[in-house]
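Heads up: the structure comes next, in structure tokens.
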Amino acid sequence: MILAKLVFECFEDTTMTKVETAINGLITELKYNGQIIGQEFPTLLKDGYFITQVLCPEEESLAFTNHNQAVKKAVERLTDVGVLQPKITVLGQELHSDSTDPHHTPSWQILYTSYIQTCSPIRCGDHFAPIPLYRLPALANGCYKQLINWQQDWQACDQLQMNGRTNEFESLAQLGTIDSRLGQQSRQLCQRIEAQSGVPTYYYLYRVGGESLTKEQQRRCPSCDGDWAVLESIHQVLDFKCDDCRLVSNLSWDYK
Ligand SMILES: [Zn+2]
Ligand SMILES: [Zn+2]
Numbered sequence: 028m029i030l031a032k033l034v035f036e037c038f039e040d041t042t043m044t045k046v047e048t049a050i051n052g053l054i055t056e057l058k059y060n061g062q063i064i065g066q067e068f069p070t071l072l073k074d075g076y077f078i079t080q081v082l083c084p085e086e087e088s089l090a091f092t093n094h095n096q097a098v099k100k101a102v103e104r105l106t107d108v109g110v111l112q113p114k115i116t117v118l119g120q121e122l123h124s125d126s127t128d129p130h131h132t133p134s135w136q137i138l139y140t141s142y143i144q145t146c147s148p149i150r151c152g153d154h155f156a157p158i159p160l161y162r163l164p165a166l167a168n169g170c171y172k173q174l175i176n177w178q179q180d181w182q183a184c185d186q187l188q189m190n191g192r193t194n195e196f197e198s199l200a201q202l203g204t205i206d207s208r209l210g211q212q213s214r215q216l217c218q219r220i221e222a223q224s225g226v227p228t229y230y231y232l233y234r235v236g237g238e239s240l241t242k243e244q245q246r247r248c249p250s251c252d253g254d255w256a257v258l259e260s261i262h263q264v265l266d267f268k269c270d271d272c273r274l275v276s277n278l279s280w281d282y283k
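Numbering of the sequence shown is given in the working numbering, commencing with residue 28 and proceeding in unit increments.
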């Protein structure tokens, strides 16, 4: 991921509220278009300039060619309230986040996230690297809001089960079963992404617990009851893969 700085300059008299609303509008649309990542976008007002720090999948994420209609409109709204288009400065590679998938057509991809992840929820099956959402066909209303919201839901459940203080088992059931509400939504999302992108899209089922290593190794596909164990772990994470049901999973983290 790349850390970048957006500097907004007012070209005529305006009000703080108008500028803040317009900047927030642009930030929101950039987020739903996958051009910036995360939830927190610190903004400061210094020497008459508004400065916002953002995390982007790649250096060219904020290029005009990646803008969707909503982002273009949000940029126009800036002009309406007397603010110039932001000047973008790439600060460099962020150390704690995953590297973005290189430009190519993946042979398969995975809907995958975790509570600590700050990146796209779609990963390339070949490299296990996050794919910037704007490289995919838009999901609905020309953006990826549904995917961003899905990621937040998944991460919220993951956070609860990791902390183990409240609703741990309910959250685990959401993450690890196909008939949970989240499981159903996830598979529907995968089907739509696959239909639009033409790339086989798998859903990752989280697995923890279990009675024994042997029993866990013999786990069957929860959808078709087929044999779905892979000979060699994929990217050190995925030990089960059903091509018919578009599902992947890990050997229970208790035995890995
Ligand atoms: Zn790849
Ligand atoms: Zn299956």
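Ideal placement from N, C-alpha and C gives every residue a C-beta, glycine not left out.
A Cβ closer than 7 Å to some heavy atom of ligand 2 marks a residue here, and those residues are C248, S250, C251, G253, W255, C269, D271, C272, L274.
Between E36 and L111, the CB-CB gap stays under 8 Å. Under the three-state reduction of DSSP, R219 is assigned to helix.
With respect to the 8 Å criterion, V257 and K242 are not classified as neighbours on the basis of their beta carbons. The region 55 to 64 makes contact with the region 90 to 101, as at least three CB pairs between them are under 8 Å.
Proximity of the region 219 to 237 to the region 120 to 138 meets the contact definition, three or more beta-carbon pairs being nearer than 8 Å. Fewer than three beta-carbon pairs drawn from the region 199 to 206 and the region 107 to 127 are found closer than 8 Å, and the two stretches are therefore not classed as touching. Here the C-alpha atom of Y171 lies approximately 10 Å from the C-alpha atom of W177. Assigned with DSSP and collapsed to three states, Y233 falls in coil, not helix or strand. Here L202 carries a helix assignment [DSSP, helix/strand/coil]. Cβ-Cβ separation between I115 and L89: approximately 5 Å, consistent with a contact (criterion under 8 Å).
Secondary structure of G119 (DSSP, three-state): strand. In the DSSP annotation of this structure, the continuous segment of the beta strand (DSSP E) that includes D266 starts and ends at 265 to 269. Counting every other CB atom within 10 Å of its CB across the protein chains shown gives L278 a total of 16 or more, marking it as buried. R162 counts as buried, since no fewer than 16 other beta carbons sit within 10 angstroms of its beta carbon.
Note that the region 120 to 131 touches the region 148 to 159; at least 3 beta-carbon pairs, one per stretch, sit closer than 8 Å. Distances between the C-beta of C146 and the heavy atoms of ligand 1 are all 7 Å or more.
In this structure, P129 has its CB closer than 7 Å to one or more heavy atoms of ligand 1. Residue pairing from DSSP places A167 in a beta bridge opposite C170. Pairing V235 with W280 gives a Cβ-Cβ distance under 8 Å. By the criterion of a C-beta distance shorter than 7 Å, C184 is surrounded in its chain by S198, Q201, L202, L209, once the five residues flanking it on both sides are discounted. In the structure shown, L71 falls within a strand segment according to DSSP collapsed to helix, strand and coil. With a cutoff of 7 Å, D153 counts as near ligand 1, since its C-beta is closer than that to a heavy atom of the ligand. Distances from the CB of P227 to the heavy atoms of ligand 1 are all 7 Å or more.
In the DSSP assignment, V46 falls outside any beta strand (DSSP E) and lies within the alpha helix (DSSP H) extending over 43 to 59.
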